[in-house]
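Enquirer: In my numbering, the protein residues as written are 66 to 169. First, the structure itself, so that you have it in front of you.
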Amino acid sequence: ARALAARPRYLLLDEPTTFLDLEYQGGLLALLGNLAAKGIGILSVLHDPNQAALADRIAVLKGGRLVAEGRPEAVLTEALLQNLYGPGVRVAHLMGRPHVYLDG
């Protein structure tokens, strides 16, 4: 709240949904989406690819190196995510967005 009171042009966030239950994660992500729609730039570090799928653009790092960047629907592919997380990762496209899950 303090950061928003200063009317920032950008917000830098590190794992903003950590320790939040699903309801509050959804509320925070909706708030961030509304702020982005108002022109506030949001840069966030996330480990959950399903949350990253909500962004306009993403960058994916492995071992501190950039391995992919672009629109989530182009970047969050099974091939890339299996390289990062293992062969059990699957991607389904629902409502125009990739949804990542583990098979089995």
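Beta carbons: idealized from backbone N, C-alpha and C, even for Gly.
Measure the C-alpha to C-alpha separation of asparagine 148 and alanine 139 and round it to an integer number of angstroms.
Expert: Against the sequence shown, residue 148 aligns to sequence position 83. Against the sequence shown, residue 139 aligns to sequence position 74. When rounded, the distance between both Cα atoms is 15 Å.
Enquirer: Should alanine 120 go down as buried or exposed, given a rule of 16 or more other Cβ atoms within 10 Å for buried?
Expert: Locating residue 120 in the sequence shown gives position 55, counting from the first residue. Buried: at least 16 other Cβ atoms inside 10 Å.
Enquirer: Where DSSP assigns a beta bridge to arginine 155, which residues make up the other side?
Expert: Start at 1 with the first residue of the sequence shown, and residue 155 comes out as number 90. In the DSSP output, where bridge partners are listed per residue, arginine 155 has Tyr166.
Enquirer: Who pairs with lysine 180 in a beta bridge, going by DSSP?
Expert: Given a span of 66 to 169 for the chain in the structure shown, any question on residue 180 remains unanswerable.
Enquirer: Measure the C-alpha to C-alpha separation of glycine 153 and methionine 160 and round it to an integer number of angstroms.
Expert: The residue labelled residue 153 in the question sits at position 88 within the sequence shown. The residue labelled residue 160 in the question sits at position 95 within the sequence shown. Distance between the alpha carbons of glycine 153 and methionine 160: 23 Å.
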